[in-house]
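What follows is a short report on a single structure.
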Amino acid sequence: MTPSGARSSSIPRHYHRLARLERFTVTDAVHVKLKLQALDAALSNLNLDRNGQVDMKSAINACQSRPFHEAVYVDGSEEFYLLVKSLSRPDLIPNVYVNAYSSVLHGRPYLNEYKVSDFRKGVDPTFSEIRPLLAQIDALCETHLDSAFNELETRGKYLNRPSDLRLLTYSHLLPREAHLALIYQPHREHKTPRIRLDVLRTNKQIHDEVVEYFYEKRTLFLVAARDKASQTLSNNYLSRFYDMVAMMNPRTRQLFGKLEIQVSYLSGQTTTMKRYPSISFVADPMRDLFALLPKVQTLVIAFGPTPFIAGENWGIIREKLETVYWLIDCVPVSIDVRWDLSRAFTSRFKVDEGPLRRIVAKRGTVHMGESVSSKLASQRRSLLHERP
Numbered sequence: 001m002t003p004s005g006a007r008s009s010s011i012p013r014h015y016h017r018l019a020r021l022e023r024f025t026v027t028d029a030v031h032v033k034l035k036l037q038a039l040d041a042a043l044s045n046l047n048l049d050r051n052g053q054v055d056m057k058s059a060i061n062a063c064q065s066r067p068f069h070e071a072v073y074v075d076g077s078e079e080f081y082l083l084v085k086s087l088s089r090p091d092l093i094p095n096v097y098v099n100a101y102s103s104v105l106h107g108r109p110y111l112n113e114y115k116v117s118d119f120r121k122g123v124d125p126t127f128s129e130i131r132p133l134l135a136q137i138d139a140l141c142e143t144h145l146d147s148a149f150n151e152l153e154t155r156g157k158y159l160n161r162p163s164d165l166r167l168l169t170y171s172h173l174l175p176r177e178a179h180l181a182l183i184y185q186p187h188r189e190h191k192t193p194r195i196r197l198d199v200l201r202t203n204k205q206i207h208d209e210v211v212e213y214f215y216e217k218r219t220l221f222l223v224a225a226r227d228k229a230s231q232t233l234s235n236n237y238l239s240r241f242y243d244m245v246a247m248m249n250p251r252t253r254q255l256f257g258k259l260e261i262q263v264s265y266l267s268g269q270t271t272t273m274k275r276y277p278s279i280s281f282v283a284d285p286m287r288d289l290f291a292l293l294p295k296v297q298t299l300v301i302a303f304g305p306t307p308f309i310a311g312e313n314w315g316i317i318r319e320k321l322e323t324v325y326w327l328i329d330c331v332p333v334s335i336d337v338r339w340d341l342s343r344a345f346t347s348r349f350k351v352d353e354g355p356l357r358r359i360v361a362k363r364g365t366v367h368m369g370e371s372v373s374s375k376l377a378s379q380r381r382s383l384l385h386e387r388p
């Protein structure tokens with residue numbers, strides 16, 4: 001157990017219930033040590049100058065179970081056992097090493113795969129769990145596994161490639177749109193592209209590059225709706241957006257420079273239970289949300305559709321206008337405010353545009369069609385027009 005009393009992630013949840021014969025023992029450590037020594041010998045005979053045409057068969061064979069006559073005591077096995085026993089499935093160290101080595105050898109970043117190859121023994125270890133121990137393993141086993149892997153990475157089949165080429169790879173795995181929507185998309189019909197997040201488990205450098213690629217220069221999109229007569233309900237609704245931003249890594253929040261808020265009406269929104277109980281309640285979620293995004297320089301304010309509901313339209317329009325008054329008061333003075341009024345006024349009935357025009361004239365400038373909503377609507381019209 002860790003000092004805090006929490007269970008180590010490397011220990012299977014059911015370890016205390018494992019049969020004694022299934023647990024890792026000093027005898028098992030002997031087998032693993034022999035495998036690692038055989039693996040080291042196999043790797044030393046590989047010719048790495050054949051541009052990826054390296055036969056890894058000998059290295060893979062070295063990870064197989066050793067012959068019976070080798071199941072004897074090996075000097076230093078107790079020390080090796082004490083070093084690796086905290087890992088889940090130490091018997092898989094050679095196999096995990098070979099998989100990672102083979103991936104890097106063929107120009108692919110190694111992945112930390114979380115899987116269970118034997119439910120009786122717990123979760124398989126990842127290479128990132130094993131790698132910090134390689135130098136100590138080498139000292140006890142008289143091997144050179146750590147330096148062999150470092151040399152292979154230095155040759156750099158992937159990380160030494162041009163950054164533009166790496167970005168092209170990331171764009172294939174994680175196709176990104178110009179906006180990132182929190183909870184609601186600008187249009188109900190809009191479908192986001194599917195992304196593959198396993199690349200984030202490769203290593204720290206690739207993780208940081210992917211995060212920067214995925215979030216930087218994107219417009220963070222959210223919907224604001226508020227009813228002046230029900231402040232508690234309004235804050236509960238807005239808190240969901242605050243909670244999502246608060247859950248982000250602080251370094252990720254630094255990557256957002258543009259925010260778009262679509263003004264809607266509260267009665268048209270759905271309310272749910274608090275999604276992140278670990279985030280403390282805040283009395284003013286919108287102001288606190290801006291505080292979480294210190295790099296935001298531009299705010300685009302757009303408007304959601306106003307449905308034609310007999311007897312209710314005037315109330316919805318008034319609620320939107322009150323939301324705008326409240327919202328603009330929350331925006332820090334350092335932020336450039338841009339208004340997209342494409343959907344601000346409905347043509348189905350006459351609306352007094354004066355109050356909204358006065359707010360716009362007081363703070364910000366009009367940029368028709370700049371919002372994510374307008375751009376997606378324009379793309380949708382173009383696609384419909386192109387259909388035969």
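Residue 388 is where the sequence shown ends in UniProt numbering, and the numbering goes up by one at each step.
All C-beta atoms, glycine included, are put in the ideal place defined by N, C-alpha and C.
- Residues sharing a beta bridge with A224, DSSP: Note: A224 sits in a beta bridge opposite V263.
- Message: Could you tell me the alpha carbon to alpha carbon distance between A310 and E319, rounded to whole angstroms?
- Response: Only weak support exists for where A310 lies, its pLDDT of 48 falling under 50; the coordinates are left without a value.
- For I261, does the count of other Cβ atoms within 10 angstroms reach 16, so buried, or fall short, so exposed? buried
- Item | N- and C-terminal bounds of the beta strand (DSSP E) containing I301 | 298-303
- Are the beta-carbon atoms belonging to L180 and L39 less than 9 Å from one another? no
- Item | Neighbourhood of M247 by C-beta distance below 7 Å, restricted to the same chain and skipping five residues each side | Y276, I279
- Item | Proximity to L200 [Cα-Cα], best of P193, H106, T192, V210 | V210
- DSSP beta-bridge partners of K258: T219, T298
- Message: Considering only their Cβ atoms, is the gap separating T219 from V300 smaller than 9 Å?
- Response: yes
- Message: By alpha-carbon positions, which one of I137, P90, S102 ends up nearest to V123?
- Response: P90
- Message: Considering Cα atoms alone, identify which of L111, V84, Y114 is closest to L133.
- Response: V84
- Query: Would a C-beta distance cut-off of 9 Å place T323 and A224 closer than the cut-off?
  - Reply: Yes, these two residues count as a Cβ contact at 9 Å.
- Item | Nearest-angstrom Cβ-Cβ length linking V245 and L292, presumed shorter than 8 Å | 5 Å
- Collapsed DSSP secondary structure at R357 in the structure displayed: Reduced to three states, the DSSP call for R357 is helix.
- Task: Ignore the nearest five residues each way along the sequence and tell me which others in A331's own chain have a CB closer than 8 Å to its CB.
- Result: With the sequence shown as reference, residue 331 is identified as Val, and Ala is not the correct amino acid for it. Correct list, in chain order: F290, L299, V337, R363.
- Whole alpha helix (DSSP H) elements within the region 83-111, 4-residue minimum: 93-105
- Message: How far does the beta strand (DSSP E) with V337 in it extend, from its first residue to its last?
- Response: 336-339
- Message: Are there any heavy atoms of the ligand HEM lying less than 8 Å away from the beta-carbon of P94, as far as the coordinates show?
- Response: No copy of the ligand HEM appears in this structure; indeed no ligand is present at all.
- Taking the alpha-carbon positions, what's the R375 to H106 distance? Here residue 375 turns out to be Lys, not Arg, going by the sequence shown. Between K375 and H106, the C-alpha separation is close to 42 Å.
- At which residues does the alpha helix (DSSP H) containing L197 begin and terminate? Counting along the chain, L197 falls outside any alpha helix (DSSP H), and DSSP gives it neither H nor E.
- Query: Is the beta carbon of M286 less than 9 Å from the beta carbon of L327?
  - Reply: yes
- Message: Rounding to the nearest angstrom, what Cα-Cα distance links Y101 and E151 in this structure?
- Response: 11 Å
- Task: Identify whether G369 lies in helix, strand or coil by the three-state DSSP scheme.
- Result: coil
- Query: According to DSSP, what are the bridge partners of D118?
  - Reply: G122
- Message: Using DSSP's beta-bridge definition, name the partner residues of L180.
- Response: L220
- Ordered along the chain, which non-local residues of its own chain (more than five positions away) have a Cβ less than 8 Å from that of S147? D138
- Message: Any beta carbon from chain B within less than 9 Å of Y170's own beta carbon?
- Response: The structure shown contains no chain B, having only a single protein chain.
- Query: Do S302 and D329 have their C-beta atoms closer together than 9 Å?
  - Reply: First, the residue type needs correcting, since residue 302 is Ala and not Ser in the sequence shown. Cβ distance not < 9 Å, so A302 and D329 don't count as in contact.
- Item | Proximity below 9 Å, CB of L174 to CB of R196 | yes
- Could you say which of Y237, T252, V32, S239 lies nearest to E212 if we only look at CA atoms? T252
- Report buried or exposed for V32, applying the criterion of at least 16 other Cβ atoms within 10 angstroms of its Cβ. buried
- Query: Grouping DSSP H, G and I as helix and E and B as strand, with all else coil, what is Q205?
  - Reply: When secondary structure is reduced to three states using DSSP, Q205 falls in the helix class.
- Message: Just to confirm, is the Cβ distance from L266 to R226 under 9 Å?
- Response: yes
- Using 10 angstroms around the beta-carbon of Y110, count the other beta-carbons present and answer buried if the total reaches 16, otherwise exposed. Y110 is buried by the Cβ-count criterion.
- Are Q254 and K295 touching if we call contact CB-CB under 9 Å? Result yes, Cβ atoms of Q254 and K295 sit closer than 9 Å.
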